[in-house]
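Worksheet: one structure, shown below.
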Amino acid sequence: MRGGSVLGQLVSACGLLFAVVLFNFVVLHLAPGDVAETLTSATGGATKEILDQVRHLYGLDQPLHVQFLAYLSRLLHGDLGTSAYFNAPVAGLILDRLFPTALLVGTALVLAIVLGAMLGIVAARRPGGIVNSLVSVLSLVGYSAPVFWTGILVLLAFASWLPLFPAQGMVDPRLSGGPIARVIDVLHHLVLPAVTLASVYLAQYSRLARTSMLDALGADYIRTARAKGLGEHTVVYKHALRNAILPIVTVAGVQVSHLLAGAVLVETVFGWPGMGRLAYESILRRDAPLMLGILFCTALLVIVVNMATDLLYRAIDPRIRTQ
Amino acid sequence: MVPAIRGLLAALFFTAMISAASAKDDKTLVVGTITTPTVNNAVGSGTAPGTPGTQVFAGLVELDDHFVPQPYLATSWDVSPDKLTYTFHLRPGARFHDGTPITSEDVAFSVDTVRANHPFGRSMFGPVDRVETPDPQTAVFVLKQPHPALLASVTTLLLPILPKHVYANGPIRTNPANTMAIGSGPFKVAEFKAGQSITLERNPDFFLPGKPKSDRIILRFFDDMQAARLSLENGETDAMLQTSFGYGDFDRLKKNPKLEVFTDTFAGLGIVDYLEFNLRKAPFNDIRVRRAIAHAIDRKFLVEKFQGGVTKQLEGPLPPDSPFATKDLTHYAYDLKEANRILDEAGYKRDADGIRFKATLDAPTFSPDGLGRVADYLKPQLKKIGIEIDRRISPDTATWAKRVSNYDYDIAMSQIYNYPDPVIGTHRLFLCKNQIKGVMYTNTGGYCNPKVDEILDQAARETDFEKRKALYARFQKIITDDLPYIYTTTELPYGVVSKDVVGRPRTALGTMAPMLEMEKK
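As structure tokens, this is what we get:
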């Protein structure tokens with residue numbers, strides 16, 4: 005995206021969004037069964053008349069291209085449609101789930117970047133030290149372990165064996181306290197899923213930070229900085245870190261799109277009421293409007309984050325500004 | 011040592027947490043259930059809408075633990091000598107949650123709605139010609155033919171009484187009151203969080219004085235059973251009246267001193283597992299093939315090894331605790347030699363690899379321990395009699411349902427709820443005319459025996475219990491002769507409740523019954 009005009013970026017973003025909608029619409033309709041069937045089988049089966057009635061109600065009895073055009077036209081009018089499964093507007097369902105997911109993913113991302121960068125820098129400064137070995141082992145384990153497996157282990161350890169944290173959900177439904185108690189309750193519930201989700205990305209960031217820090221510390225300008233007598237602290241944090249942080253920002257921007265995928269699993273394991281789980285369940289339920297709405301919003305989010313990364317890049321790296 | 015440290019750490023942490031947070035409402039009951047898109051059990055059946063629906067709505071009667079109807083919204087009823095007229099007297103002064111009085115008009119409307127929209131609507135209320143409303147307190151069901159299943163059909167689970175003025179406008183399936191439901195049951199809907207939970211508040215004007223005992227119930231949705239189990243073990247959830255945790259967890263949960271595991275409230279559901287055959291296809295239309303397969307299944311092994319002795323072996327269509335079950339069936343003892351002999355005699359020769367023929371086998375995902383493991387068992391087992399099974403994996407229940415309901419299968423594992431009366435849950439699998447392509451839980455195998463149709467038709471009209479029981483005995487015997495389905499075991503999705511909770515519903519339909527007495531100690 006870098007270098008293109010803002011207009012060009014917008015045009016390609018619109019094309020991308022259209023492709024996302026078209027592709028997912030087609031794929032979802034290739035799967036066997038429709039929402040009329042999943043809806044009625046969740047509620048004990050149906051007769052032919054009931055199935056026909058449900059299909060008619062949600063326009064599922066019309067040819068596929070008519071359904072697609074109708075969906076597209078609603079979308080252009082800013083209407084994400086109605087979830088047939090929940091019999092509720094898609095926009096509302098997504099909004100309900102947006103905050104929990106943003107909270108989970110945001111916390112995990114910040115945790116991973118900050119902790120990862122710190123570990124990576126410490127490891128880079130003493131390449132043979134204990135921290136370095138520890139970081140290498142941790143990253144390997146964190147990166148290769150499937151996130152749902154990590155989640156289950158974390159649950160067994162810190163919710164079941166040592167009951168420090170709640171096992172499921174985002175809030176304690178029995179809680180009857182004021183706003184402060186509610187915030188504490190949510191944070192209490194947040195710890196395990198956020199740490200689990202962060203573990204995967206922590207590995208990547210610590211390795212990335214370590215490598216780019218090692219690169220930076222070996223560069224000529226560091227030697228120059230040291231030669232002109234700057235203190236070690238200034239050399240490492242002002243000169244080296246500023247250069248080493250660029251790859252981290254790039255990866256963080258790209259990873260926002262991956263995070264939702266990780267969030268699906270973490271949200272399922274911890275019963276977190278987020279968008280990832282909603283997306284997964286809407287596929288199982290063949291709930292096309294909800295599924296498409298979530299993917300549309302996610303695609304939009306990824307595009308926006310990519311643009312933001314671009315801007316951040318310009319802020320951090322003066323070389324891009326002058327180009 | 012270790013427990014001491016654990017205890018100390020936990021205590022320290024919680025002291026900190028509790029001092030920061032304010033008091034919890036310890037009297038609120040948190041009850042786990044599966045996700046439901048609707049509270050309105052007039053337009054859907056099963057546990058999903060049944061669990062909230064039976065709290066929010068009230069039916070004319072409730073069944074007790076022996077399937078005997080007891081007064082609920084109706085205080086009494088009279089049956090005419092010809093059994094063609096049932097007159098229900100409604101409880102005086104009973105009101106809906108919005109304050110409107112409940113009238114016989116609402117009863118008539120509910121019957122029409124359920125008949126048109128509920129999966130069993132036709133079998134339950136097809137024989138009802140009309141509901142007369144001579145006065146607001148009296149609803150008269152006039153029948154076209156005697157209908158012995160009527161009283162089991164007017165329970166809260168199957169005929170919730172809906173306020174006509176709320177549900178009569180527009181298509182009922184998109185009525186917003188399907189989630190923020192208005193009924194006359196012991197609880198009101200305070201909040202419906204799609205895909206997450208339903209908060210129920212006590213209905214202070216409930217028609218049974220002093221009930222319900224609990225002020226607030228939160229129905230918490232679980233799609234992942236491991237998550238539900240952990241939540242119960244941790245005390246975050248107080249009860250789940252119907253689980254599908256799998257039999258492997260049964261003993262472990264029973265040993266938990268904080269939990270009670272129970273199986274006494276599933277008789278009214280009558281859940282049975284079976285193999286069904288696509289009878290339109292050779293060689294599955296050959297009775298000898300089905301008999302051979304029946305001989306190749308060791309039910310004792312299934313119950314004891316796979317299902318921890320929790321379930322019961324099953325040979326016929328009705329579960330052993332149904333009032334209509336008979337022992338006079340045609341038995342197929344576990345005997346591989348006999349199975350091979352039958353197939354040899356029938357001329358299904360083994361090829362060089364020892365294979366007589368191949369068959370696909372589909373199993374749904376919703377019963378991994380019941381149907382799933384039996385399907386896994388069948389593959390090597392049927393190989394022993396020369397049938398090579400291609401175990402087709404369905405990623406989800408919809409895929410399995412699509413294949414079976416469109417007759418795109420050879421053999422399928424399946425499950426059905428028989429409900430309190432065979433007319434409601436059982437007949438649909440057997441009647442010749444109930445072969446409806448594309449619709450699951452109909453006669454998807456394509457079985458048709460006019461004799462069976464005739465017996466079931468008679469049984470649906472016979473009001474004398476003993477005569478009716480004899481008819482169903484004949485039916486069960488014929489089914490085990492014809493073998494359109496091979497029954498394996500009952501399914502028992504046992505319930506789990508915290509020992510801090512008293513008064514769980516214990517009726518025959520106790521998994522989907524009003525929680526009138528249930529409360530925290």
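Protein sequences, first through last, are from chains P and L. Per the working numbering, the first sequence starts with residue 5, numbered consecutively. Per the working numbering, the second sequence starts with residue 11, numbered consecutively. Even for Gly, the Cβ is constructed at its ideal location relative to N, Cα and C.
**OP:** Could you please give the first and the last residue of the uninterrupted beta strand (DSSP E) stretch that includes L/Ala518?
**Re:** Locating residue 518 of chain L in the second sequence gives position 508, where the first residue counts as 1. Neither: L/Ala518 is in no beta strand (DSSP E) and is coded neither H nor E.
Original post:
Between the region 100 to 115 of chain P and chain L, which residues of the former have a C-beta closer than 9 Å to a C-beta of the latter?
Top reply: Taking 9 Å as the cut-off between beta carbons, the residues of the region 100 to 115 of chain P near chain L are Asp100 and Arg101, in sequence order.
Original post:
On the three-state DSSP scale, how would you describe L/Arg132?
Top reply: On the second sequence, residue 132 of chain L is found 122 positions in, with the first residue counted as 1. In this structure, L/Arg132 counts as helix in the three-state DSSP scheme.
Subject >> Within 9 Å, strictly: CB atoms of L/Thr375 and L/Thr500 >> reply: Your numbering for residue 375 of chain L matches position 365 in the second sequence. Your numbering for residue 500 of chain L matches position 490 in the second sequence. Cβ distance not < 9 Å, so L/Thr375 and L/Thr500 don't count as in contact.
Original post:
Counting pairs of beta carbons, one from the region 94 to 104 of chain L and one from the region 147 to 165 of chain L, are three or more of them closer than 8 Å?
Top reply: Here the region 94 to 104 of chain L makes contact with the region 147 to 165 of chain L; the two share three or more CB pairs at distances below 8 Å.
**OP:** Measure the CB-CB distance between L/Ala52 and L/Leu169 and report whether it falls below 9 Å.
**Re:** What you label residue 52 of chain L is simply residue 42 of the second sequence in a count that begins at 1. What you label residue 169 of chain L is simply residue 159 of the second sequence in a count that begins at 1. Closer than 9 Å, so yes.
Original post:
Which chain P residues sit within Cβ distance under 8 Å of L/Lys412?
Top reply: Here residue 412 of chain L refers to the residue found at position 402 of the second sequence. The answer, in chain order, is Pro36, Gly37 and Glu41.
Subject >> Partner residues on chain P for L/Val40, Cβ-Cβ distance less than 7 Å >> reply: Numbered from 1 along the second sequence, position 30 holds the residue referred to as residue 40 of chain L. Against chain P, the beta carbon of L/Val40 has neighbours under 7 Å at Pro177 and Arg178, listed in chain order.
Original post:
Does the beta carbon of L/Glu243 sit closer than 9 Å to a beta carbon anywhere in chain P?
Top reply: Within the second sequence, numbered from 1, the residue matching residue 243 of chain L stands at position 233. Residue contact check for L/Glu243 against chain P: a CB pair falls below 9 Å.
Original post:
Along chain L, which residues have their Cβ under 8 Å away from the Cβ of P/Leu282?
Top reply: Translated into the one-based positions of the first sequence, residue 282 of chain P becomes position 278. What P/Leu282 touches in chain L: Gly205.
Subject >> Whole-angstrom distance between L/Lys359 and L/Ala369, CA atom to CA atom >> reply: Counting from 1 along the second sequence, the entry for residue 369 of chain L is found at position 359. Counting from 1 along the second sequence, the entry for residue 359 of chain L is found at position 349. Per the coordinates, the alpha-carbon of L/Ala369 lies some 15 Å from the alpha-carbon of L/Lys359.
Original post:
Under the rule that 16 or more other beta-carbon atoms within 10 Å means buried, what is P/Met122, buried or exposed?
Top reply: Walking along the first sequence from the start, residue 122 of chain P turns up at place 118. P/Met122 is exposed by the Cβ-count criterion.
Original post:
So which of L/Gly258, L/Ile426 and L/Met250 has the shortest CA-CA distance to L/Pro327?
Top reply: Indexing the second sequence from 1 puts residue 327 of chain L at position 317. Closest option to L/Pro327, Cα to Cα, is L/Ile426.
Subject >> Best match in P/Met311, P/Asp291, P/Val141 and P/Pro177 for proximity to P/Leu84 [C-alpha to C-alpha] >> reply: Looking up residue 84 of chain P in the first sequence gives position 80. If we check each option's Cα against that of P/Leu84, P/Asp291 comes out closest.
Original post:
Applying the criterion that 16 or more other CB atoms from any shown protein chain within 10 Å of the CB defines a buried residue, is P/Trp276 buried or exposed?
Top reply: Locating residue 276 of chain P in the first sequence gives position 272, counting from the first residue. Buried, by the Cβ-count rule.
**OP:** Can you give me the start and stop residues for the alpha helix (DSSP H) that L/Pro222 sits inside?
**Re:** By one-based count along the second sequence, residue 222 of chain L stands at place 212. Segment: none, L/Pro222 is in no alpha helix (DSSP H) and carries neither H nor E.
**OP:** Measure the Cβ-Cβ separation of P/Ala220 and P/Asn247 and say whether it is below 9 Å.
**Re:** As a working note, residue 220 of chain P is residue 216 in the first sequence. As a working note, residue 247 of chain P is residue 243 in the first sequence. Closer than 9 Å, so yes.
Subject >> Bridge partners - P/Trp165, DSSP secondary structure assignment >> reply: Numbered from 1 along the first sequence, position 161 holds the residue referred to as residue 165 of chain P. Note: P/Trp165 sits in no beta bridge, so no partner.
Original post:
Which one of P/Asn91, P/Leu166, P/Gly146 and P/Leu206 has the shortest CA to CA distance from P/Ala112?
Top reply: Translated into the one-based positions of the first sequence, residue 112 of chain P becomes position 108. When C-alpha distances from P/Ala112 are compared across P/Asn91, P/Leu166, P/Gly146 and P/Leu206, the shortest belongs to P/Leu206.
**OP:** Taking only beta carbons into account, state which residues of the region 508 to 530 of chain L come closer than 7 Å to chain P, listed in chain order.
**Re:** Those would be none; no residue qualifies.
Original post:
Nearest to L/Asp92 by CA position, among L/Lys154, L/Ser114, L/Asp75 and L/Val121, is which residue?
Top reply: Here residue 92 of chain L refers to the residue found at position 82 when the second sequence is read from its first residue. A check of alpha carbon separations from L/Asp92 across L/Lys154, L/Ser114, L/Asp75 and L/Val121 identifies L/Lys154 as the nearest.
**OP:** Would you check if there are 3 or more beta carbon pairs closer than 8 Å linking the region 128 to 147 of chain L to the region 162 to 179 of chain L?
**Re:** Yes: at least three Cβ pairs fall under 8 Å.
**OP:** Tell me, please, whether the CB atom of L/Asn213 is closer than 9 Å to any CB atom in chain P?
**Re:** For this step, residue 213 of chain L is matched to residue 203 along the second sequence. No, no contact with chain P.
**OP:** Determine which residues of the region 82 to 99 of chain P have a Cβ less than 7 Å from any Cβ of chain L, and write them out in chain order.
**Re:** Look at the region 82 to 99 of chain P: the residues with a C-beta under 7 Å from a C-beta of chain L are Tyr89, Phe90, Asn91, Ala92 and Leu97.
Subject >> DSSP beta-bridge partners of P/Ser87 >> reply: By one-based count along the first sequence, residue 87 of chain P stands at place 83. DSSP lists P/Ala92 as partners of P/Ser87.
**OP:** Compare the Cα-Cα distances from L/Asn459 to each of L/Arg471, L/Phe475, L/Gln445 and L/Leu441 and report the closest residue.
**Re:** As a working note, residue 459 of chain L is residue 449 in the second sequence. Of the residues L/Arg471, L/Phe475, L/Gln445 and L/Leu441, the one whose Cα lies closest to the Cα of L/Asn459 is L/Leu441.
Original post:
What alpha helix (DSSP H) runs, 4 residues minimum, are completely inside the region 166 to 225 of chain P?
Top reply: Fully contained in the region 166 to 225 of chain P are the following alpha helix (DSSP H) runs of length 4 or more, in chain order: 183 to 221.
**OP:** Return the residue from the list P/Asp314, P/Phe22 and P/Leu107 that minimises the CA-CA distance to P/Val190.
**Re:** Counted from its first residue, the first sequence places residue 190 of chain P at position 186. The residue with the shortest Cα to Cα distance from P/Val190 is P/Leu107.
**OP:** Output the boundary residues of the alpha helix (DSSP H) element that contains L/Ile397.
**Re:** Here residue 397 of chain L is taken as the residue at index 387 of the second sequence, counted from 1. Counting along the chain, L/Ile397 falls outside any alpha helix (DSSP H), though it belongs to the beta strand (DSSP E) covering Ile397 to Ile403.
Original post:
Can you name, in chain order, every residue of its own chain whose Cβ lies under 6 Å from the Cβ of L/Pro62, other than the five neighbours on each side?
Top reply: Position 52 of the second sequence, counted from the start, is the residue given in the question as residue 62 of chain L. Once the five neighbours on either side are set aside, the close Cβ partners of L/Pro62 are Val49, Ile208 and Leu229.
**OP:** Using a Cβ cut-off of 7 Å, pull out every chain P residue sitting near L/Asn127, in sequence order please.
**Re:** For the purposes of this step, residue 127 of chain L is identified with residue 117 of the second sequence, where counting begins at 1. Result: Ile54.
Original post:
If contact means a Cβ-Cβ distance below 9 Å, which residues of the region 145 to 179 of chain L contact chain P?
Top reply: Cβ contacts with chain P: none found.
Subject >> Cβ-based burial, P/Thr238 [other Cβ within 10 Å; buried from 16] >> reply: Indexing the first sequence from 1 puts residue 238 of chain P at position 234. Answer is exposed; the Cβ neighbour count stays below 16.
Subject >> Exposure of L/Val506, with buried meaning 16 or more beta-carbon neighbours within 10 Å >> reply: Within the second sequence, numbered from 1, the residue matching residue 506 of chain L stands at position 496. Under this definition L/Val506 is a buried residue.
Original post:
Does any residue of chain L bring its CB to less than 9 Å from the CB of P/Ala161?
Top reply: Start at 1 with the first residue of the first sequence, and residue 161 of chain P comes out as number 157. By this cut-off, P/Ala161 is not an interface position.
Subject >> C-alpha distance - L/Leu519 paired with P/Met279, whole-angstrom precision >> reply: To locate residue 519 of chain L, count along the second sequence from 1; it is residue 509. To locate residue 279 of chain P, count along the first sequence from 1; it is residue 275. So the alpha carbons of these two residues sit roughly 35 Å apart.
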